[in-house]
Structure formats: structure tokens, C-alpha cells
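The structure appears below as C-alpha cells.
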Amino acid sequence: MTDNADLEALRSEVRGFLDAEKPAGWRDASRTQEDFVQTQRGWFAKLVKAGYAIPHWPAEFPGGGRSLAEQKVIYEEIAKADCPRLLLSFVSTYHAFATLHECASEEQKAKYMPRILEGETWCQGFSEPGAGSDLAALKCKAVREVRDGQEVYVVNGQKVWSTMAQFADMCLLLVRTSSEGVKQAGITYLLMDMKTPGVSVSPIHQIQGDEEFAEIFLDNVVIPVEQRVGEEGKGWAVAQATLASERGLTLMELGYRMRGALSRVAALIREHGREQDRGVLRDFGALVSEVDAVCAIADQFLDNRIKGIERIGDASIVKNSYSRALRAYAKLGVRLGGMDEQYVKPITFGDLNTGNWMADFMNSYAWTIAGGSEEVQRNIIAERMLEMPREPKHWTL
Amino acid sequence: MIELNELTDAAQKAFPADKLSPARDASWELTAEMGWLMVRLPEDDGGLGLDREASTAIHYEMGRVLSSAPLIPAQLGLQAVVESKTLADRADWLERLSAGEYAPLHMLPAKVEVAANGTVSGTVGGVFDGDMAVAVVAMLPTGYTLIPTDAQGVELTERQIWDPSRRIFDLVLTGYAPDPALMLSDVEGAAAMHDVLGPEAHLALAADCLGGATAALAMTVEYLGMRKQFDRPIAMFQALKHRVADMKTRIVATEALLWSRARDPEAARLQIAGLKALATDVYQFVTEEMIQLHGGIGLTEEHQCHLFMKRAMLNLQLCGSLDWLNERVGQDALAEMA
Ligand SMILES: Cc1cc2nc3c(=O)[nH]c(=O)nc-3n(C[C@H](O)[C@H](O)[C@H](O)COP(=O)(O)OP(=O)(O)OC[C@H]3O[C@@H](n4cnc5c(N)ncnc54)[C@H](O)[C@@H]3O)c2cc1C
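Read top to bottom, the protein sequences are chains A and B. In the working numbering, each residue carries its 1-based index in the first sequence increased by 21. In the working numbering, each residue carries its 1-based index in the second sequence increased by 6.
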């Protein structure tokens, strides 16, 4: 247990670091995607060096072994200081880390974890055109063969919506090795080097002008069996470890960032001379309290996790609270901005709540669709938390 | 030191969750017996000296059972006396109030005028259960004061309200001459008193809302699981499940804010006002959904849905309406983010 004095000491240490090292002007340095990637790499390296990039990793890694309470302090301070979020390395430090840490062999851990700290980035190749919310329906096919005396999987298929796959060195890949039995049972988990022949990536143009995610095409991609995590056909369980890793700290961080970004709404109200408009003040006031509630529920969620009393559905409540407030935030901005917001303004890559309100509005959908859509979260809350009956599994037309 | 969960357990035992609160007089007696009138009375004054979190927990439980005992206005009235630096017989009053005499703070605005001779005429709104009040704590233009209900020029008129779990009276003043010995503050002190009582009122009402919303949600979930249409429990329909999930989400998030504000002695007045606004909004949303998801039975007097809805609607108006509070929170946030 860390006590309060230690936490406060850590807090001022982090503040000291941020005062000195905060990447000033990072928004201006993120106007193109290439610049954004450079900015991200630089900031990640700085955080690794200072020991703040991977507080949730085990203690054997420099900067790891922090208690959840300490992690919270670090994230809070980084968010309050308005430093960039670690987006490019998000999948590597959360998803890949959790997968390796919880499910991988010692050889795999020893091989990949240090490389993440050196800046290797990962992407997540789970979703497919035919497998979104129903992820277990995935079809990307892997056949086991012996080639040049080595046991390998030969993979064919397509992945989609893979965040920053175009910059990734490695991929967390879900493939189908069998179509017998229930659909979850035939899924296998592989670690794929993105430079393997047969892998091609094509970025997807998004509605706000970003190209955050990409399609991955796999054409006879050969992946050694040693690159498999867990047993063949047991990939679904491993995937759960991957997915669980993104819940928690992230939403607390995002809540604090949204609270900070309320000042952008305030600025907009002034800019448009609406300070005396009572309707606007009401909407703003309601939003302020709603964002406060998001921060409170995210805090409570983490506290419960620290105490080990997290329950099923808690994370869904935090996520839906956040995404609802985020949408309301962006919509208020679009409304107050009026026609101004219909003229295209340059976007900042990798930033949220930018005050480019139409872009913020469009970005807010990421939170109601990705990582289990708002509707899927509602199913979890209703069926698993409130124990309402599930729908019949089978149907015929 | 009384633990919070002891307090909650005791409350749930006294007011079981499967029953709504008994009639007012019985509820009031029980409330007094539980010692809840003295929860916020400092130990030096003979009370339990518990903090906001403790009273919040009680108001939450009383909201859950739609308690008809006017504990919130009673606590606020008592706190006004505790805070008073001008009341002549302060100790005597504290003793009487903690023994069960009732001097509520009014929960709606006072619309009164002060004549040149110092007498006051007009209406002090929102006096809960005026019939059992010995006096009313009123905010007049001249400051906070205790107005004995049997004084000259004082009359109580009951107003019919939709919410059957409460009774509300107007305190009608006709040339009432305030008693200097009963002044709780002067004009200058009134603002400070208001700053103390406002957040207490808002926190208590927010707790009432969220306790009620939680009960309303549980009843709705239970009903959906029981009611069958199309050969299945209607709880199986996703259209309904999703509405219930949203009810749950909004309640839980707002409750997280309730407890974080209740535990934070530094919480600003308008932060708590914003919480009250949000909690009333959520309570209204939840009870509105509750009726719809119950179908026809939700419109019957016999079923409990309407009791929750009517209380939610009334709570929206007490100690500042939704619009009024949100506007102030917005104004304040705007000023702060200059
Ligand atoms: C910004 C962003 C980043 C992403 N990054 C990645 C990534 O890095 N790697 C990766 O593998 N994937 C990623 N995804 C994909 C993401 O996981 C999927 O978009 C998500 O699972 C939803 O799948 P879908 O888009 O196919 O929508 P669908 O599943 O087709 O959903 C369409 C609509 O139907 C609803 N719906 C579906 N099932 C149900 C149900 N059972 N009950 C009620 N409603 C339902 C949905 O809520 C939605 O409204 C990303 C997505 C976004 C938006």
C-alpha cells in the first residue's frame, strides 16, 4: 500500500517533470499524420526515460510496478497538464502488454516486451468486415503446415478498423483455425510481424479527414507456430485479456481531459457573445455537472478496482457515461459555433476535444462504436449486471 | 464514531425496502426515535455531530422508501438554529428541536414585503407539514428568522400538491411583526447562512432523488422480468433492456458524484447545486421511463409508479428549479474559465 504522503510526493515529482518536459506546441506539431507520429514517438521516449510511460507494467521494467493509486496520479497529472495522450503506443503498452503478460510464453515476453519500450508499436487485428460486435464470427483463415521443416500457419483474409496499423511493427491477430463446434472454439491468437511478405495495409479515409485506422490484407502470410499465444483454438480467452486491458485508467484520463476542455466551450460562448444567453448558460451548466459525474464515476471505478471489488458491467457504465457526455460536449460546440463550424478547419491528429467542433463531433463516435458499442454495453448492463433475460440465441427467417 | 454502513443498515431495517414509508406521523416518530433529527447537531450541542456523508446516507434511504416524514426541512431548520449567532434562546431551541419539535426551513421562495413599520406581509412558500410545525425558519428580506406558527398575523394554508408523499403549506403573513429575539441572522449574516443551508439542502435533495431513482429502477427491472407478453418476459425485449441500461447508467454516474461531493468538505456551493440539478433530472428521467415501461398499470393509482414520478416532479422545483440552477452553474463556470 502506498500512503497519501507518498502519492503526493509522486504527484509533485510528476509535476516537476511535466513543467520541464511538457512538449509545448504539440498540437501545432501534429497537423499532418507524419508529424503526429514523430511527436508521439518523441513524447513516448521521454516518458519511458522518466519512468512514467508504463506504470502498470511489472516492477522488473523500469517505470513499472506502480500501484493503481500511483498510476492514477501519473495519469491525472499528465491529463491536467494537457500533454498528448499516448495514442501511437496505446495498443503496444496496453493490449500487447496485457496479452503478453497474462498469456504469452516466457520466450515471447522476453522477446517483445523490451522492444515495446524501445518504441516498437503494435496494432490490433481483430475486427473484420463480417465480424464487428460479433467478433467471434471472424473468418480470417489460418492453415497449419510444415514449410522448410518449420511448423507455420498460412494466413489468408482481411482485417479492418485496425487503429494505426499503417505505422505498426507488430499485430495482435485473431485467426480461425477451425470451423467445428461453437464459433469461439476455432479461434487462435497469433503475433504477426507487419513486415511479413503478404501483409498489406491500406489506410481508411475517415469522415473527419483523419486516417486513424486501416485495413490489413493477408495473402498467404506465413507465421511461425512459435508466434502463437496460448493453445490452438484457445485464442478467444486470450482475446479477452487483450480487450480488458483498455478499460480503467483510460476513461479516468479522458474524463479529466474533458473537464479541462470545458474551457473551450466557455471561450466559444464568449467569442459568440452569448454570455447573457440564459438558454446557453443552462446547457453549459448542465454539461459541467454531467462531466463532473463522468469524472466521479471513473474515479469510483478505479477505486473499486484498487479495492478489488469491481463488478461486471461497471466498466460499461463508465464507458457509456463518458461517451454520452463527449457527444453532448461536441454537439454544444457545433451548435454554439453556428455556421463557423461548417467551414473546414485543419484537424489536429490524435487530439480530442480540440475546439474544432465538427471534427470533435465526428470523433466522438469512436467512443460509441469502438471497444464494444454503446448498444453492446447496454446489453452487458442489462443482462449481466441487472440480470435481465438474454435473447434467444437462435432464429430462423 | 458511527460507521456509514451501520447507519444505512439501521435505516433499511427501520424502513424496509420492500415497503414504502408508513404514514407521516408514524414515519416522523420513527425518524425521531432513530436519532436522525440530531445527526447533524454538533456533539457540543448534545447531538451526534455526524458529517454530511452520514446525513446524505439517511436522506438516500428515505428517498428510497418515499418517506413522508419531513426530515430534510427539519434538518435544515435545525442547522439554521445551530448556525445562528443572534438567536436569544439558542440552547433552548436546540433542545426542543432535537426532542422532536418541528421547525422546518421553507423549501420554496418567500414572496413578502416589509412595511415601513417593519411588519412583514406576503407568502413564505414550501413549508413542509406545516400542521405539525411549532415555527418556520424563514428567509425574509431582513434576514433569517424563526416565525412561530401561532403568532399574530401568521397563518398556514395547505396547498394541494400532486405528490402524496408530502404535504406543503404556505405560511401567509399579514402585517406580521418579527420578534427580534427570534432572529437567526441579520441582513448581512443571511448570505453566510444561505451559503451553509443551500448546499445542505441540495445535497439532501439529490440523495432523496437518487435513493428514489434506485428504488424505481429495481421495481421496473422486477416488473419487466415478471410481465409476459408474446410468450416471453418483456424483459427479453432489447428495446426495453436498453432503456433500463440507460436508467442504470445515469443513476450510477450521478450517485458517484453525490458521494464524492458529500465526502468533500471543500466542494463549492455551485458544484453541489449542479449535483442537485443533475440528480433531479435523472430522477425525472427514470420515473418517466418507469411508467412507460409498466404500460397501463403504471397509470393506476394502485400501483406505486406514480408516487415516484410525482415526488421526482416536486423535487425538481424545491430549493431552485433545474433551469435556474443550471443557469447559475453555467454562469459560474463561465466566470471561472475566463
Ligand atoms: C475509432 C475506432 C477504432 C477501432 N480500432 C480497432 C482496432 O484497432 N482493431 C480492431 O480490431 N477493431 C477496431 N475497431 C472496430 C470496432 O471494434 C468495431 O467497429 C466494433 O466492434 C463494432 O463493429 P462494427 O463496426 O462492425 O459494427 P456492427 O457490429 O455491425 O454494429 C452496427 C450497429 O449494430 C449495433 N449492434 C450490433 N450488435 C448488436 C447487439 N447484439 N445488440 C444491439 N445492437 C447491436 C451496434 O451497436 C451498431 O450500432 C475500431 C473502431 C473504431 C470506430
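All C-beta atoms in this analysis are idealised placements derived from N, C-alpha and C, irrespective of residue type, glycine included.
Are there any heavy atoms of ligand 1 lying less than 7 Å away from the beta-carbon of residue i, as far as the coordinates show?
| i | result |
| --- | --- |
| Gln244/B | yes |
| Thr184/A | yes |
| Phe188/A | no |
| Asn400/A | yes |
| Glu236/A | no |
| Phe147/A | yes |
| Glu49/B | no |
| Ile137/A | no |
| Glu396/A | yes |
| Cys161/A | no |
| Gly334/A | no |
| Lys390/A | Lys is not the amino acid found at residue 390/A; the sequence shown has Ile there. Yes, since a heavy atom of ligand 1 falls inside the 7 Å radius drawn around the Cβ of Ile390/A. |
| Ala241/B | no |
| Ala90/A | no |
| Glu233/A | yes |
| Ser154/A | yes |
| Ala251/B | no |
| Ala351/A | no |
| Cys144/A | yes |
| Ala260/A | no |
| Ala387/A | yes |
Measure the CB-CB distance between residue i and residue j and report whether it falls below 8 Å.
| i | j | result |
| --- | --- | --- |
| Leu239/A | Val176/A | yes |
| Gly376/A | Arg285/A | yes |
| Arg303/A | Asn321/B | no |
| Leu111/B | Leu188/B | no |
| Gln277/B | Asp313/A | yes |
| Leu193/A | Ala117/A | yes |
| Lys67/A | Glu42/A | yes |
| Thr155/B | Ala139/B | yes |
| Ile402/A | Ile338/A | yes |
| Leu114/B | Gly131/B | yes |
| Glu274/A | Gly392/A | no |
| Ala259/B | Val315/A | yes |
| Lys101/A | Gly256/A | no |
| Thr286/B | Phe314/B | no |
Excluding sequence positions up to five away, which residues of its chain have a Cβ less than 7 Å from the Cβ of residue i?
| i | result |
| --- | --- |
| Gly358/A | Leu289, Trp378 |
| Glu91/A | Thr23, Leu28, Leu31, Pro76 |
| Met383/A | Ile228, Gln229 |
| Gly86/A | Pro79, Ala80 |
| Arg411/A | Glu404 |
| Ile327/A | Leu89, Ala90 |
| Ala50/A | Asp56, Thr60 |
| Thr347/B | Examination of residue 347/B is not possible in this model, given that chain B is present from 7 through 344 alone. |
| Arg4/B | Residue coverage of chain B in this structure runs from 7 to 344, which leaves residue 4/B outside it and unanswerable. |
| Ala213/B | Thr62, His65, Tyr66, Gly69, Leu264 |
| Ala16/B | Met40 |
| Ala351/A | Trp378, Asp381, Phe382, Ser385 |
| Gly151/A | Ala158, Lys160 |
With DSSP as the reference, identify every bridge partner of residue i, one or two as the case may be.
| i | result |
| --- | --- |
| Asn177/A | Lys162/A |
| Thr163/B | Asp176/B |
| Leu152/B | Val143/B |
| Leu194/A | Gly146/A, Leu211/A |
| Pro224/A | Ala235/A |
| Pro3/B | Here chain B covers residues 7 to 344 and nothing more, so residue 3/B does not appear. |
| Ser356/B | The structure shown has nothing for residue 356/B, since chain B only spans 7 to 344. |
| Pro245/A | Val173/A |
| Met189/B | Thr151/B |
| Val250/A | Tyr210/A |
| Ala152/A | Glu149/A |
I believe residue i touches residue j by the beta-carbon criterion, under 8 Å. Please report the beta-carbon distance rounded to the nearest angstrom.
| i | j | result |
| --- | --- | --- |
| Ser154/A | Ser342/A | Not quite, the Cβ-Cβ distance comes to about 20 Å (not below 8 Å), so this is no contact. |
| Ile181/A | Glu232/A | Inspection of the sequence shows that residue 181/A is occupied by Val rather than by Ile. So it is not a contact: roughly 13 Å between Cβ atoms. |
Leaving out five residues before and five after residue i in sequence, what residues of the same chain have Cβ atoms less than 8 Å from its Cβ?
| i | result |
| --- | --- |
| Glu101/B | Gly52 |
| Val309/A | Leu283 |
| Arg48/A | Thr369, Asp372, Thr375 |
| Gly300/A | none |
In its own chain, which residues sit with a C-beta less than 6 Å from the C-beta of residue i, not counting the 5 before and 5 after it?
| i | result |
| --- | --- |
| Pro147/B | Val120 |
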